[in-house]
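Visitor: Encoded as structure tokens, here's the structure I'll be asking about.
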Amino acid sequence: MIQDDAPLAGLRIIEVSSFVAAPLGGMTLAQLGAEVIRVDPLGGAPDTTRWPLAPNGGSLYWAGLNKGKRSVALDLRSPEGQQAVADLIASSGPDGGIVLTNAGYPWLSYEALRNARPDLIHLRITGRHDGSTAVDYTVNAGIGFPLATGDQATAGPVNHVLPAWDVACGLYAAIGILAAERHRRRTGAGRAVTLALADVALAVTGHLGFLAEGQLSGAGRPRIGNHLYGGFARDFRTKSGDFFLVLTLTARHYADLARITGRTEALAAVERALGADFTQDGDRYAQREVIAALIAPWFAEHTAGEVAEALADSSVLWERYRTFAELAAAPETLANPLVSLIDQPGIGRILATGTPLAQPGTPQTPAPAPALGADTATVLSRLPENG
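Using my numbering, read the sequence shown as starting at -10 and increasing by one per residue.
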């Protein structure tokens, strides 16, 4: 249960959404104490059965993105169902009147709802800034990253498994609602906020320097596999067949890696021969293949356990590559206060995560996602005509 001292206790949000960005935005707010009421059509939105699935067919995807919310299912094609949503928004109290959606229904627009709720906060996620359709996959194709991902020899694009733009968009949506709510507290005025998924991707691409780099260089970021652009980092395979990511962000990291692998003198000789300075990021990057070739045999001669023990006693940044299954089975995963085993309706007992914002008085323990439509009667009973 959400505690009264949760940061967003009392805030009430009506979410009409599907897929990743909008549900993630709503869940982010719910895990901080807001009451988020997700409204779905009868039978569920298209994401209700989206993969990954539990062995019994329940959607782990849907359960994961709707934790801690209330669920209302209505016939959204009928005037009665549409009016019920409008009434929920209008009668949701002084800390309500907030809509989060990625739907383009005319009856759910800011213009259609603001007369009944003058201080309405309405955040709508769109595909592009002109209102046209786009999803994470199509946005990613046009933003440049798939053609900069992979080895140098890769001919075609490489898509990322993580829906990064959806995730960033969902978090921007949560921030946008909180900013609008702060503005309403100061001025009493609501506002309409439009958040385009493609603009999120473009903004982040600009923030990280990729956009300006493309402009000034006239070329895209080169494909360098698992090397670190502008520094030295790479994956190395051990004697036991495991892979480790090793990262040197500073001269100290690099010196420790050279010492651990027994290559200090050999690397110094190469450095002198090349006229390079391996204390500098740029020189380590320029000679990354030479450095990697010298230290790779050390990893190949040691087991994963031996590598981990040696690296643990140094400043080097590193991690062993793991599968999702290994992560789920790792003792430290469940030991993290963020993670709990919960009883998820329709699925069973599963690992789930709460909010990563650890703070006094607010538990990180996740609440399950509701069964589809489980709160319909309770929520609708709050409407004025129902008493």
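Every residue, glycine too, gets a C-beta built ideally from N, C-alpha and C.
Quick one: what's got a C-beta closer than 6 Å to G116's C-beta in the same chain, skipping five residues either side?
Guide: Closer than 6 Å at the Cβ level, and outside the excluded window around G116, lie T122, A123, L186.
Visitor: Report the rounded CA-to-CA distance for A169 versus G120, giving the unit in angstroms.
Guide: Whole-angstrom Cα-Cα distance: 21 Å.
Visitor: Since G337 is in the beta strand (DSSP E), which residue starts that stretch and which ends it?
Guide: Looking at the DSSP string, the run of the beta strand (DSSP E) that includes G337 is 337 to 342.
Visitor: What does the alpha-carbon distance come out to for the pair A163 and L49?
Guide: Going by the C-alpha atoms only, they are around 22 Å apart.
Visitor: Determine the extent of the alpha helix (DSSP H) in which S60 is found, giving its start and end residues.
Guide: First-last for S60: 59 to 63, but that is the beta strand (DSSP E), not the alpha helix (DSSP H).
Visitor: Three-state secondary structure (DSSP) at S206?
Guide: DSSP places S206 in helix when its eight states are reduced to three.
Visitor: Are there 16 or more other CB atoms within 10 angstroms of the CB of F267, so buried, or fewer, so exposed?
Guide: F267 should be labelled buried.
Visitor: Between the Cα of L31 and those of D64, Y161, L42, spot the shortest distance and give me the residue it belongs to.
Guide: Of the listed residues, the one whose Cα sits closest to L31 is D64.
Visitor: Would you mind working out which of Q71, D270, E321, G294 sits nearest V5, comparing C-alpha positions?
Guide: Closest by alpha carbon: Q71.
Visitor: By how many angstroms is the C-alpha of A142 removed from the C-alpha of R113?
Guide: C-alpha separation (whole angstroms): 41 Å.
Visitor: Could you give the distance in angstroms between the alpha-carbon of S80 and the alpha-carbon of A178?
Guide: If I take the Cα positions, the gap works out to 17 Å.
Visitor: Would you report the Cα separation of V296 and L283, rounded to the nearest angstrom?
Guide: Each residue's alpha carbon lies about 16 Å from the other.
Visitor: Using CA atoms only, rank isn't needed, just tell me which of D125, Y310, L21, F134 is closest to F232.
Guide: With distances taken between Cα atoms, F232 lies closest to Y310.
Visitor: With a Cβ-Cβ cutoff of 8 Å, do V28 and H111 count as a contact?
Guide: Going by C-beta atoms, V28 is not nearer than 8 Å to H111.
Visitor: Looking only at its chain, what residues have a beta carbon closer than 7 Å to the beta carbon of L42, apart from the 5 residues adjacent to it on each side?
Guide: S48, L49.
Visitor: Can you list, in chain order, the residues of its chain with a C-beta nearer than 6 Å to that of S404? Leave out the 5 residues immediately preceding and following it.
Guide: Missing from the structure shown is residue 404; the chain here goes from -10 to 376 and no further.
Visitor: In whole angstroms, give me the CA-to-CA distance for V25 and V88.
Guide: Whole-angstrom Cα-Cα distance: 10 Å.
Visitor: In angstroms, rounded to a whole number, what distance separates the CA positions of P211 and P320?
Guide: Cα-Cα distance, rounded: 39 Å.
Visitor: Determine the direct distance from the alpha carbon of D155 to that of I166, and round the result to whole angstroms.
Guide: Cα-Cα distance, rounded: 16 Å.
Visitor: Does the beta-carbon of A126 have 16 or more other beta-carbons within 10 angstroms, so that it is buried, or is it exposed?
Guide: This sequence places Tyr at residue 126; Ala is not what is there. So Y126 counts as exposed.
Visitor: As a quick exercise: from R173, G207, V61, pick the residue whose alpha carbon is nearest that of D108.
Guide: Nearest C-alpha to D108: R173.
Visitor: Helix or strand or just coil, what does DSSP make of I213?
Guide: Coil at I213, not helix or strand.
Visitor: Which residues in the same chain as Q276 place their Cβ atom closer than 7 Å to its Cβ, once the five residues preceding and following it in sequence are excluded?
Guide: Excluding residues within five positions, the ones whose Cβ falls inside 7 Å are L263, A265.
Visitor: Taking DSSP as the reference, what is the three-state secondary structure of D266?
Guide: Correct three-state label for D266: coil.
Visitor: Please report the distance separating the alpha-carbon of G376 from that of T17.
Guide: Caution is warranted here: a pLDDT of 42 is assigned to G376, below 50, making its placement in the model unreliable, and the coordinate value is therefore given only provisionally. Rounded to the nearest angstrom, the two C-alpha atoms are 31 Å apart.
Visitor: State yes or no: is the C-beta of T227 within less than 8 Å of the C-beta of A289?
Guide: In this structure, A289 lies closer than 8 Å to T227 by Cβ.
Visitor: Run the CB neighbour count on G214, radius 10 Å, all protein chains shown included, and call it buried at 16 or more, exposed below.
Guide: By the 10 Å Cβ count, G214 comes out exposed.
Visitor: Mind checking R1: buried by the 16 CB within 10 Å criterion, or exposed?
Guide: Burial call: buried.
Visitor: For Q348, which beta-bridge partners are listed by DSSP?
Guide: Bridge partners of Q348: T351.
Visitor: So, under 8 Å CB-CB, L54 and L13 are touching, yes? Tell me the CB distance rounded to an integer number of Å.
Guide: With 8 Å as the limit, L54 and L13 qualify as a contact, their Cβ atoms being about 6 Å apart.
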